[in-house]
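Student: Just so you know, the protein sequences line up as chains A and B, in that order.
Going left to right, the first sequence walks through residues 24 to 789 as the working numbering numbers them.
Going left to right, the second sequence walks through residues 529 to 761 as the working numbering numbers them.
Beta carbons are placed, not taken as given, at the ideal position from N, Cα and C, and that holds for glycine.
Let me begin by handing over the structure; questions about it come next.
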Amino acid sequence: MSSGNGKRGEPRVTIGRRDFFKVYAAAGVAVLQGCRRRDQELIESPARRSTALPGASVWRRSICEQCGAGCEIEVRTVDRLAKKIEGLPSGFVNRGGVCALGHSALQELYHPDRVTEPMRRGSSGELEPVSWEEALETAATAIAAAPDATTIVAGAPSGPLLGLWRRFAATVGTPPPVHWQPADALVEREAARLAFGESTRPAYDLARSDYVVSVGAPLLDRWRSPVHFGAAWAELTADRRGKLVQVEARHSLTAANADGWLPVRPGSEGFFARGLAGLLLGSGTVGQEGRSAYEALYPEAPPDLAATVERCGIDADRIERLAAELASARRPLVMVGGSALEGENGVAAGAAALALNLLLGAVGRVGGVFAGVDFGFEERLAGDATAALPPAALADRLAGDGDSGVLVVSEADPLHGVPGLEAGFERAGTVIACSAFFDDTTLRADVVLPVQTDLERFQAVEPDPVRGVPALLIASPTVAPRGEARHPGDVALALAAAAGRALPWPGFQEAVESALSDAFTATRAAGDDASDPAALPASLIAGALNARQFVRRTTDAGGLLGTEELRRAPTRLPRDGGNDMPSVLPDPAARAAPVGPAGVESFTLIPFESLKLGDGRGANRPWLQELPDPLSTVMWGTWAEVATEDADRLGIQTGDIVRLTGTVAEIELPAMVLPTVRPGSVGVPVGGGHADYGRYARGRGVNVNALLDTDRRVAGAGAFARGDLRVRVERLRRPRRSERPVIYGRGLRQAEEIPVGWAPHVGGKA
Amino acid sequence: MTRWGMAIDLDRCTGCEACVVACAAENNIQTVGEEQAREGRAMHWLRIERYYEGEFPDVRTRFMPVLCQQCGAAPCEPVCPVYATYHNPEGLNAMVYGRCIGTRFCANNCPYTVRVFNWFDAEFPAPLDSQLNPDVSVRPGGVMEKCTFCVQRIQAGKDEAAQEDREVADGDVKTACQQSCPTKAIAFGDLDDPDSEVSRWAESPRAFSLLGDLDTRPGVVYLSGTEWREPAE
């Protein structure tokens with residue numbers, strides 16, 4: 024083809040013979056290619072579609088956010104519907120396991136009573152559906168009118184989402200958000216700060232220890248990561264290699280499975296730890312380094328054996344045997360958590376138990392205790408925003424008789440956790456709830472913003488540092504969101520924008536990607552300087568050419584996983600003098616007497632999280648409601664665990680309705696008489712007694728949190744103290760039919776005439 | 529011929545019940561609600577039995593997952609008047625739901641009390657039904673049901689092996705309970721394959737059969753390093 028020879032401005036195009044054939048051939052190829060594409064589309068498209076064939080299973084990786092453990096899961100989807108959750112075999116925390124609560128996330132997703140559209144309280148006083156724009160405008164106007172008087176309550180576990188709420192608060196001008204979290208988590212951090220100098224939940228190398236003393240830590244119940252600790256416990260006890268001894272007032276699932284259970288008097292766990300230290304110091308087996316580290320923290324002599332026996336209610340020979348076995352173990356380890364930390368002296372008790380690791384030389388060694396490290400993505404999203412406040416700060420904000428201002432509650436149910444806050448909520452000008460359900464708090468809301476559940480949303484989670492190895496886990500949504508539900512992070516960003524204080528990202532995903540990008544830049548700039556807190560370990564960015572590629576690679580890979588080399592001891596141990604803590608730890612023996620009525624009918628209340636309902640989150644799933652509690656075998660309700668000895672004395676039989684009277688309230692519920700309960704104590708699971716929370720939870724069971732006095736706090740931790748509370752137990756009546764506890768009666772021991780014995784397996788074949 | 533079997537290591541079982549919920553999710557097991565559950569009509573195919581050992585304060589609680597033992601000489605099979613329950617060639621006590629007329633003779637004759645009866649039609653209020661496993665039928669009222677060893681997974685494992693023109697390998701088929709177990713207390717596979725994990729577990733000196741003296745020749749083997757005592761009650 025050539026051009027030329029034409030008049031100026033009029034290019035002349037001539038086509039020679041050869042050119043003609045070229046064009047003809049090219050057009051023919053194009054036409055043929057076009058045909059081929061259409062043919063291929065017809066023939067191959069079903070197999071090449073981005074979605075699977077109808078009825079085919081597609082497995083998608085996701086992250087379970089039912090608790091803060093951060094288990095990686097695989098979700099089976101068929102026709103874009105989620106069918107089944109399995110543990111990802113390579114899961115960072117869970118290694119293929121899933122717990123009962125994790126499985127039930129499907130019933131949260133597909134719950135028939137979910138909130139799927141924004142709502143606003145209308146002139147009739149009822150919540151009415153509105154558009155997102157209207158709901159956001161109402162909420163944002165209230166916040167913008169009085170940012171100082173706005174209280175944010177964020178229920179997300181520590182990590183990027185909490186960081187975003189902190190940034191939201193700083194940008195919009197509200198006080199820092201209240202982080203709604205389990206009391207013992209907060210107390211554990213503070214105890215670790217006192218004993219180890221780092222305010223993170225410690226990592227315990229249970230699997231490689233050979234003798235573990237758990238002071239109250241319900242590691243096989245609903246605690247930090249039941250799946251991780253379950254697997255670690257199995258490794259510890261495989262072939263009877265190691266032992267677990269549980270020091271806990273209640274016969275929890277952990278106590279039930281432990282090789283030894285020491286049912287100490289509730290509230291005396293810290294004293295017990297000090298008494299144990301006394302025996303260890305006197306045994307002559309403790310190294311000099313451990314001895315000096317411990318004695319620097321506790322210059323006073325520990326209590327003697329007689330005092331420990333007296334205070335803790337455990338026989339002397341059992342305590343001596345424990346101390347002797349602990350002293351002779353090669354890799355001893357002491358853990359602390361749960362009810363040991365929930366009394367007013369929880370921090371002192373926790374520090375006393377953790378300090379035993381210093382004495383035993385277990386800090387930073389294989390089979391010992393490590394620092395709970397993370398990549399700091401909460402801070403990266405928070406920027407320079409102030410740290411979140413502890414739960415008790417909410418009570419302080421709501422104190423007094425005046426207007427409580429504006430309350431923004433995201434993915435938390437403080438009114439179920441602490442019913443005593445109800446009056447404060449009633450005085451609030453506007454309550455804004457970001458929630459997927461009408462829980463006790465959302466019922467009070469003036470604006471309801473529906474949020475997505477785990478499987479519907481983009482996820483960026485920093486798992487509980489149970490392994491002592493940092494990680495950031497990222498996953499894309501597994502299924503389309505139901506109705507108009509949005510990501511809670513996106514809701515925060517939309518609220519900020521509607522209030523005229525937009526944050527620099529359009530959505531939560533972009534915020535996380537931006538934080539990743541900044542982390543890359545900081546890491547590249549830091550070079551070999553490992554001390555820069557903004558930098559990641561250099562190996563994590565190796566091979567990435569630029570920030571964009573790093574972000575893409577990280578999200579495609581499902582996050583950033585640290586390696587075992589990043590596991591480390593706490594670096595600011597008190598003995599190094601590298602922190603600003605008091606050099607001497609508080610004495611756990613200096614404990615106020617338990618509050619509540621005295622007398623023969625007076626019992627110490629032990630509220631606990633069952634593996635069925637957890638803190639109450641599981642109460643709206645029929646699978647979990649109908650799951651028999653493994654210890655009491657109760658389904659569908661709340662029960663009070665009473666010791667056989669006490670029941671005989673008070674004339675209580677299983678099923679009888681009893682009244683528990685505390686200092687601020689009373690509750691009535693059926694009793695379960697169990698031979699495993701420590702006399703003088705009464706255990707009640709939390710999680711029941713929801714005002715609504717959907718048809719499976721509504722009015723089911725009793726909320727034991729009603730007995731919680733909001734004025735009682737764990738000293739130094741900002742958490743509500745639910746331990747050390749005494750209640751009067753009275754038998755009221757035999758239950759009416761509808762009041763009888765639902766006890767799972769099926770089992771071999773119910774089958775009379777059947778010999779209940781065991782015979783060797785003979786490999787029988789039909 | 530494959531003979532499917534399971535081994536459960538009681539020394540690893542913590543009683544966490546993840547398996548119970550996994551089973552319900554996989555097999556479309558209905559929840560019956562508080563009132564029916566109070567009547568003893570809960571439908572679990574797998575339960576965790578609880579036993580006490582010793583007395584307070586030296587008390588210990590032990591747990592035992594109990595499911596259909598897929599007996600080689602199953603007491604439930606010969607009493608069915610309509611052959612709704614039968615022994616399949618691979619060792620499963622299979623159920624043909626369509627045949628079942630609800631006499632409940634099988635449940636009456638099961639020494640392990642693992643069979644459950646649908647007193648009513650199952651209810652899965654929308655959109656809870658979105659979760660139902662399309663590979664497993666939802667049983668109607670009047671029909672008996674029980675653990676199938678996740679027969680749909682066995683079939684899927686066979687199909688996949690056939691597509692790849694090979695035999696089913698050990699570990700190809702995992703039951704729902706086994707897959708979710710945090711402590712890996714359950715092994716499943718071919719008891720006739722001496723190299724399979726389940727066979728190796730079954731050869732352990734800790735292995736025993738539940739109610740072994742009934743000679744039902746169970747396909748489920750339990751492992752325990754502790755001698756279990758008869759319950760105190």
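Distance, Cα to Cα, V765/A vs V696/A?
Tutor: 14 Å
Student: For Q56/A and S540/A, what's the separation of their Cα atoms in angstroms?
Tutor: For Q56/A, the predicted structure reports a pLDDT of 48, less than 50, and the residue's modelled location is therefore unreliable. The matter cannot be settled from this model.
Student: The alpha helix (DSSP H) with F591/B in it runs from where to where?
Tutor: Note, F591/B: premise wrong, no alpha helix (DSSP H); beta strand (DSSP E) at 588 to 594.
Student: Can you list, in chain order, the residues of its chain whose CB lies under 6 Å from that of G51/A, leaving out five sequence neighbours each side?
Tutor: Its pLDDT being 49, under 50, G51/A is placed unreliably in this model, and the value from its coordinates should be taken loosely. Excluding sequence neighbours, G51/A sits near nothing in its chain.
Student: Along chain B, in chain order, which residues have C-beta atoms closer than 9 Å to that of M658/A?
Tutor: Listed along chain B are E562, A565, R566, A570, each with a C-beta nearer than 9 Å to that of M658/A.
Student: In the DSSP assignment, what residue or residues form a beta bridge with M658/A?
Tutor: V765/A
Student: Measure from the C-beta of C843/A to each C-beta in chain B and report whether the shortest distance is under 8 Å.
Tutor: As shown, chain A starts at 24 and ends at 789. That puts residue 843/A outside it, with no answer to give.
Student: Is there at least one Cβ from chain A nearer than 8 Å to G543/B's Cβ?
Tutor: yes
Student: Take A570/A and list the residues in its own chain whose beta-carbon comes closer than 7 Å to its own, dropping the five residues that flank it on each side.
Tutor: S540, F543, T544
Student: Looking at chain B, is there any beta carbon in it that lies within less than 8 Å of the beta carbon of V101/A?
Tutor: yes
Student: With DSSP run on the structure shown, which of helix, strand or coil describes R790/A?
Tutor: Because chain A spans 24 through 789 in this model, residue 790/A falls outside it and cannot be assessed.
Student: Name, please, each residue of chain B whose Cβ falls closer than 8 Å to the Cβ of W246/A.
Tutor: Under the 8 Å cutoff, chain B gives no residues; its nearest Cβ is about 12 Å from W246/A.
Student: On a CA-only basis, which of L559/A, D610/A, G125/A is nearest L217/A? Give me that one, please.
Tutor: D610/A
Student: In chain A, which residues lie with their C-beta within 8 Å of the C-beta of Y580/B?
Tutor: P698, T699
Student: Along chain B, in chain order, which residues have C-beta atoms closer than 9 Å to that of K107/A?
Tutor: A550, A553, E554, Q659, N661, A704
Student: To the nearest angstrom, report how far apart A521/A and V514/A are at their CA atoms.
Tutor: 10 Å
Student: What residues from the region 623 to 636 of chain B come within 8 Å of chain A, judged by C-beta to C-beta, listed N to C?
Tutor: Using a CB distance below 8 Å, no part of the region 623 to 636 of chain B faces chain A.
Student: So, is the C-beta of H126/A closer than 8 Å to a C-beta in chain B?
Tutor: yes
Student: Going by DSSP, what residue range makes up the alpha helix (DSSP H) through Q311/A?
Tutor: 311 to 320
Student: Compare the C-alpha of A257/A against each of R245/A, L673/A, R231/A and name the closest.
Tutor: R231/A
Student: Less than 7 Å between C-beta atoms, sequence neighbours within five positions excluded: which residues of the same chain meet that for L466/A?
Tutor: A714, D715
Student: Taking 8 Å as the CB-CB limit, is I576/B close to chain A?
Tutor: yes
Student: By how many angstroms is the C-alpha of G674/A removed from the C-alpha of E562/B?
Tutor: 27 Å
Student: Compare the Cα-Cα distances from L299/A to each of L379/A, W203/A, W155/A and report the closest residue.
Tutor: L379/A
Student: Ignoring anything shorter than 4 residues, give me the alpha helix (DSSP H) runs that lie fully in the region 202 to 267 of chain A, in order along the chain.
Tutor: Contiguous alpha helix (DSSP H) elements confined to the region 202 to 267 of chain A occur at 206 to 219, 249 to 260, taking only those with 4 or more residues.
Student: W729/B by DSSP, collapsed to three states: which one?
Tutor: Three-state DSSP puts W729/B in a helix.
Student: Compare the C-alpha of E449/A against each of E402/A, D282/A, S427/A and name the closest.
Tutor: Answer by Cα proximity: S427/A.
Student: Exposed or buried, what is W647/B when buried is set at 16 or more other beta-carbons lying within 10 Å of its beta-carbon?
Tutor: With fewer than 16 other Cβ atoms within 10 Å, it is exposed.
Student: Which residues of chain B have a Cβ atom closer than 9 Å to the Cβ of E649/A, listed in chain order?
Tutor: Under a criterion of Cβ atoms nearer than 9 Å, the residues of chain B adjacent to E649/A are, in order, A552, T559, V560, G561, E562, A565, A570, M571, H572.
Student: Would you kindly report the start and end of the unbroken beta strand (DSSP E) that includes L412/A?
Tutor: Segment: none, L412/A is in no beta strand (DSSP E) and carries neither H nor E.
Student: Here's the rule I'm using: 16 or more other beta-carbon atoms within 10 Å means buried, otherwise exposed. How should I86/A be labelled?
Tutor: With 16 or more Cβ atoms within 10 Å of its Cβ, I86/A is classed as buried.
Student: With distances taken Cα to Cα, identify the nearest neighbour of E402/A among A208/A, P556/A, L444/A.
Tutor: P556/A
Student: Measuring only between beta-carbons, confirm whether L656/B sits less than 8 Å from chain A.
Tutor: Output row for L656/B: interface = yes.
Student: Assuming T277/A contacts L303/A under a Cβ cut-off of 8 Å, what Cβ separation, rounded to an integer in Å, is found between them?
Tutor: 23 Å between Cβ atoms; not a contact.
Student: Quick one: what does DSSP say V52/A is sitting in, helix, strand or coil?
Tutor: Note that V52/A scores a pLDDT of 47, beneath 50, so its modelled location is shaky and nothing firm can be said.
Student: If you follow the alpha helix (DSSP H) that G512/A is in, where does it begin and where does it stop?
Tutor: Boundaries of the alpha helix (DSSP H) around G512/A: 511 to 521.
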